[in-house]
Each structure stands twice: as structure tokens, then as C-alpha cells.
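Counting from 205, one number per residue, gives the positions in the sequence shown under my numbering. All residues carry an ideal CB built from backbone N, CA and C; glycine is no exception.
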Amino acid sequence: MKNVVLLGPPGAGKGTVAARLARAFGLLHVSTGDMLREEVAQNTPLGQLAKGYMARGELVPDEVILSMVRQRVDAKKGVLFDGFPRTLAQAEGLERFTHVDLVVFLEVDREEVVRRLSSRRVCAQCGAIYNLLTQPPKVEGKCDLCGGALVQREDDKPEVVARRFEVYMRDSAPLIAYYEARGILRRVRADRSPDEVFQAVAEVLRA
Ligand code: AP5
Numbered sequence: 205m206k207n208v209v210l211l212g213p214p215g216a217g218k219g220t221v222a223a224r225l226a227r228a229f230g231l232l233h234v235s236t237g238d239m240l241r242e243e244v245a246q247n248t249p250l251g252q253l254a255k256g257y258m259a260r261g262e263l264v265p266d267e268v269i270l271s272m273v274r275q276r277v278d279a280k281k282g283v284l285f286d287g288f289p290r291t292l293a294q295a296e297g298l299e300r301f302t303h304v305d306l307v308v309f310l311e312v313d314r315e316e317v318v319r320r321l322s323s324r325r326v327c328a329q330c331g332a333i334y335n336l337l338t339q340p341p342k343v344e345g346k347c348d349l350c351g352g353a354l355v356q357r358e359d360d361k362p363e364v365v366a367r368r369f370e371v372y373m374r375d376s377a378p379l380i381a382y383y384e385a386r387g388i389l390r391r392v393r394a395d396r397s398p399d400e401v402f403q404a405v406a407e408v409l410r411a
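Spelled out as C-alpha cells, the structure:
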């Protein structure tokens, strides 16, 4: 059983590869972005708090995130963390309730992630991820898996994407050195096809 963190800039392909890896390796997929979007959709108190931060491309406060993740983690199953931790405080908080065995850093440049995010579409019903350029649905505007409507994420607007990238560089990029110093970081080039990225990450997980 392994606890794995997927690290990378917005649009690196974390969600795309995580869903497939979780199925292949029997890991619990914990995506803080998906959990927060669910809270917003249900208009819970947590969703109401998170909504504004997410719409601006800012991070939701660390203590809120840590308590949400702590409730989700199941000690009996390996976990694949996607989009978490995102700050040094979150990484330290995580170590207080579980360990991290491996961190996979998806490397891709800014120009490519901007292109990916501007053409991303997600299913409003089940959250499946598509891309108009690289991973289009079989029927335009409809999810292949559940037939739900495909929509553009609010935070994929160019001005919000720019802010998310700045926040990533300021708050999340320092985690690369943090995990590298612990000897558990592996780098995987993510500027290739989703299938190639999946195979490369799977190889790291099997090693
Ligand atoms: P979150 O949902 O986690 O957003 P993110 O980290 O910015 O990552 P994305 O979901 O945008 O991208 P991704 O890397 O998953 O890429 P994807 O697979 O979709 O967080 C959203 C917000 O919630 C944050 O801004 C913050 O406010 C809040 N939040 C979440 N977690 C938090 C935390 N821990 N602390 C505080 N706040 C938090 O792929 C992108 C596109 O590219 C898709 O169209 C896909 O089809 C395509 N694609 C994927 N792989 C490839 C490939 N290899 N080649 C070509 N296209 C590809």
C-alpha cells in the first residue's frame, strides 16, 4: 500500500492521469479540487466559503483543506492525492495524520498548460475531463460516460488561469524542493500524450 502525491501546475494533467491510476492500482483518489467543487455545487457552508477563493484562483485556507482531507483518508487503503498538498503548511499538516511514500511531479511548461486549460471541458454530472483539442468527446457537448452536459470550468477563464499559475509558483512550487530533499520525488515529463504520461507514472509507481 502506498500513499502517492501528484504534484504539478494547473492543467498539467493531474486529474486525467489520477482517475486512471487510482483504478489501475486500487488507490483511493483524493482530489481536493473535486471535493471543493462538490461542496460548492451542494451549497454547503464549506462550499460557500470556498467559492470565492476558487473563482479568483486563490487557495482555500490550509486548515479548511486539512480538515476536509483528514475526514476522507482511509488508513486501510493507499491514497492518491491530486491537487494536495499545495502549500508547505499542508504538507506538514498531512504528515501529522499519514505518511507520503512517493511524490510524482508532472513537468510541463506554462504555454502548454494555458493551451490545455482554455480547451478543457468537464462533465457537469460526473466530472469526467475532456479537451476539445486532445481528448474530445465522441458526441459534441456530451459526456461519453454518463451523457451529461460538458461545460467550461469557471476558473478556466484566462485571467483566473493567470492568477492560478502565479499562486502555484508562489505557494506550491516550493514543494518540489521540499519532497526532493526527502528523496521521494520523481519527475515525469507531462508534455506528451495522456497515454504516455499514464504509462510513465505507472512505471514509477511499480518501481
Ligand atoms: P484543482 O481542481 O485542483 O485545479 P488545479 O490544480 O489548478 O488543476 P486542474 O484541475 O486545473 O488541472 P489538472 O492538472 O488536474 O489537469 P487536467 O487533468 O484537468 O483546484 C481548483 C481550485 O480549488 C484551486 O484554484 C483552489 O482554489 C482550490 N483548491 C484545490 N485544492 C486545494 C488545496 N489543496 N489547497 C487550497 N485550495 C485548493 O487536464 C487539463 C486539460 O488538459 C484537460 O482538458 C485534459 O483533457 C487535458 N490533458 C490532460 N493531460 C493531457 C496530455 N497529456 N496531453 C494533452 N492534453 C492533456
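Under 8 Å between C-beta atoms of residue i and residue j
i, j, result
"Val-244", "Ala-228", "no"
"Val-234", "Val-308", "no"
"Thr-291", "Leu-263", "yes"
"Met-258", "Asp-359", "yes"
"Ile-427", "Asp-305", "The structure shown does not extend to residue 427, since the chain is modelled only from 205 through 411, so no value can be given for it."
"Arg-367", "Arg-224", "no"
"Gly-297", "Asp-266", "yes"
"Val-312", "Ala-216", "yes"
"Gly-212", "Ala-406", "no"
"Leu-321", "Leu-210", "no"
"Gly-287", "Lys-218", "yes"
"Phe-402", "Pro-214", "no"
"Val-392", "Ala-404", "yes"
"Leu-270", "Gln-246", "no"
Cross-strand partners of residue i (DSSP beta bridge)
i, result
"Arg-410", "Per DSSP, none; premise fails for Arg-410."
"Ser-235", "Asp-286"
"Val-308", "Leu-210, Arg-390"
"Arg-324", "Asn-335"
Own chain, CB closer than 6 Å to residue i, minus 5 neighbours either side, in chain order
i, result
"Pro-398", "Thr-220"
"Leu-336", "Ser-323"
"Tyr-383", "Val-307, Leu-389"
8 Å Cβ shell around residue i - same chain, five flanking residues per side excluded
i, result
"Thr-302", "Asn-207, Val-277, Ala-279, Val-283"
"Val-268", "Leu-250, Leu-253, Ala-254"
"Pro-341", "Arg-325, Tyr-334, Cys-347, Asp-348, Leu-354"
"Ala-328", "Gly-352, Ala-353, Leu-354, Val-355"
"Gly-230", "Lys-281, Gly-282"
Min CB distance residue i to chain B below 8 Å
i, result
"Leu-389", "Protein chains in the displayed structure number just one, and chain B is not present."
Spatial neighbours of residue i in its chain, beta-carbon cut-off 7 Å, leaving aside the 5 residues before and after
i, result
"Val-371", "Gly-261, Glu-262, Leu-263"
(request) Go through the stretch 326–405 residue by residue and report every complete run of the beta strand (DSSP E) that reaches 3 residues or more, in order. (result) Counting whole runs of 3 or more residues, the stretch 326–405 contains the beta strand (DSSP E) stretches 333–335, 389–393.
(message) Runs of 4 residues minimum, wholly inside the stretch 252–287: which ones carry the alpha helix (DSSP H) assignment?
(response) As far as the stretch 252–287 is concerned, its whole alpha helix (DSSP H) runs of at least 4 residues are 266–276.
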